[in-house]
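Structure first, commentary second.
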Amino acid sequence: MATAATASAPPAVLPVAPPPSYPANSAPSASAAAGAEEEDDLYGRLKSLQRHMEFVEIQEEYVKDEQKNLKRELLRAQEEVKRIQSVPLVIGQFMEMVDGNNGIVGSTTGSNYYVRILSTINRELLKPSASVALHRHSNALVDVLPPEADSSISLLGSSEKPNVTYTDIGGCDIQKQEIREAVELPLTHHELYKQIGIDPPRGVLLYGPPGTGKTMLAKAVAHHTTASFIRVVGSEFVQKYLGEGPRMVRDVFRLAKENAPAIIFIDEVDAIATARFDAQTGADREVQRILMELLNQMDGFDQTVNVKVIMATNRADTLDPALLRPGRLDRKIEFPLPDRRQKRLVFQVSFGFCKVCVLYRILLTVVYWTLYCSKYWQYLLLYNMQKF
């Protein structure tokens, strides 16, 4: 019985320590308060970001509206500029800049104007002697033209070059050799002159009586070289208004330097290069100004070796001595009247395609009509050539 009572008795329970007691400022209360404060801070930041986003959206709408307004203003301004630049415009010449918005230009009538410059014009292009476009009513400077826009000087294209070759020129063997040495060789083999240590000729003068082949030889040079070729007659430099002639001379050399290597051929140069004297008229003084500009361009500070000058005249005795000195026209090539051998060579080149009988008839016709009726021999000569 005792054993059974002992077995049915409950087990002894161990004493458990009571939970710790915390003061008023306990740890759980502090963490809860910190969490609440953090939530309040995050909520405040969220509200602040929302308000900032709304403000940014308002600013974006405002910027879009301003952008639309600016685009409309830009279109109106572009239309206004197009209206101002609409043709017809007056071509003028820029002289100098007064300030950022105004300058002095010269018109084709010879008058100078103090004008306003359009705000869209690139100021770096406004250089002295630049071609500009002026408004036809207010004379305001509205555009800058390319340099060749107001110039009658132009390059001969590859299709415009003469088809005259050296073989088409009868005789003139010495002249052909000299001009090839003075013009072609410095352009094609300039390194030879550097090795020798000499300067190649800068200019060549072709002089002699009319009809001796000066201009024809210059055409052959243009045909056989790949250099740019500029052909101008001396009388073209004499213009109506003062200053136009010297400006054309500058345009010729500027165009040649921009397209170097180049050859400038000035035919009948005695029209502008006669010896200077005490001029009494405005026209003579203008011709002398053209000559001085030509001398300056040929003897300027820019010693360009890729620009050659060929001049032709039948009045070499009237040319100014300053033009003939070394450094400008270094080589003078004379074209004398043809002798018997030269005439035979010219005849062979001119009538080499004809048959013997045709040549005989031509000679008889020439002799007969030269003796009896020289006034009409050319017409009959052409008739016989067409017949045979």
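When we follow UniProt numbering, the leftmost residue of the sequence shown carries the number 1, and every step to the right adds one.
We treat Cβ as the ideally placed atom computed from N, Cα and C, and that holds for glycine.
Ends of the alpha helix (DSSP H) at Thr188? 185 to 188
According to the neighbour-count rule (16 or more other Cβ atoms, all chains shown, within 10 Å of its Cβ), is Glu66 buried or exposed? exposed
Kindly give me the distance between the Cβ atoms of Asn260 and Leu319, rounded to whole angstroms, as I take these residues to be in contact under 8 Å. The question names Asn, but residue 260 is Ala in the sequence shown. Not quite, the Cβ-Cβ distance comes to about 26 Å (not below 8 Å), so this is no contact.
Just reading off the beta strand (DSSP E) that Ile230 is part of, what are its end residues? 228 to 233
So the candidates are Ser138, Val183, Gly213; which of them puts its Cα closest to the Cα of Gly170? Answer by Cα proximity: Gly213.
The alpha helix (DSSP H) spanning Glu258 covers which residue range? 244 to 258
From which residue to which residue does the beta strand (DSSP E) around Glu96 run? 90 to 97 is the extent of the beta strand (DSSP E) around Glu96.
Whole angstroms is fine: what's the gap from Phe388's alpha carbon to Tyr207's? Residue placement at Phe388 is poorly supported in this model, since its pLDDT is 48, which falls under 50; the coordinates are not used for a value here.
Whole-angstrom C-beta distance between Val269 and Ala220, which should lie under 8 Å: Contact doesn't hold; Cβ gap of about 19 Å is too wide.
Rounded separation between Phe335 and Asp278 - CA only: If you draw a straight line from the Cα of Phe335 to the Cα of Asp278, it comes to about 32 Å.
In or out: Arg202 buried (at least 16 other Cβ within 10 Å) or exposed? buried
Where Ala275 sits in the DSSP three-state scheme: It is coil, neither helix nor strand.
Tell me which residue opens and which closes the alpha helix (DSSP H) that Val221 is part of. 214 to 224
Do you know whose CA, among Arg76, Ser138, Gly103, Lys343, lies nearest Leu89's CA? Of Arg76, Ser138, Gly103, Lys343, the residue nearest in Cα terms is Ser138.
According to DSSP, simplified to helix, strand and coil, what is Phe335? Looking at Phe335 - three-state DSSP - the assignment turns out to be coil, as it is neither helix nor strand.
C-alpha gap between Gly346 and Ile104, whole angstroms: According to the sequence displayed, residue 346 carries Val and not Gly. About 58 Å.
Collapsed DSSP secondary structure at Val164 in the structure displayed: coil
Can you give the Cα-Cα distance for His223 and Asp173, rounded to whole angstroms? C-alpha separation (whole angstroms): 17 Å.
In angstroms with no decimal places, state the Cα-to-Cα distance between Asn101 and Gln175. Whole-angstrom Cα-Cα distance: 57 Å.
Within the continuous alpha helix (DSSP H) that includes Lys127, where are the two ends? That residue, Lys127, is in no alpha helix (DSSP H); it is neither H nor E in DSSP.
Under a three-way DSSP split, which group does Ala312 fall into? The three-state secondary structure of Ala312, taken from DSSP, is strand.
For Val142, does the three-state DSSP call read helix, strand or coil? Correct three-state label for Val142: strand.
Residue burial classification, Asp40 (beta-carbon count within 10 angstroms, cutoff 16): exposed
Quick check: the Cα distance between Leu74 and Ile117, rounded to an integer number of angstroms? 19 Å
Go ahead and pull the three-state DSSP assignment for Tyr43. helix
Please tell me whether Lys248 and Phe237 are closer than 9 Å, where the distance is taken between their beta carbons. Here residue 248 is Met; the residue named in the question, Lys, does not match the sequence. Yes, they are a contact pair.
Taking Cβ positions, are Val204 and Leu329 nearer each other than 9 Å? Result yes, Cβ atoms of Val204 and Leu329 sit closer than 9 Å.
Would a C-beta distance cut-off of 9 Å place Val142 and Ser131 closer than the cut-off? no
Tell me Phe265's beta-bridge partners as DSSP assigns them. Arg231, Ile310
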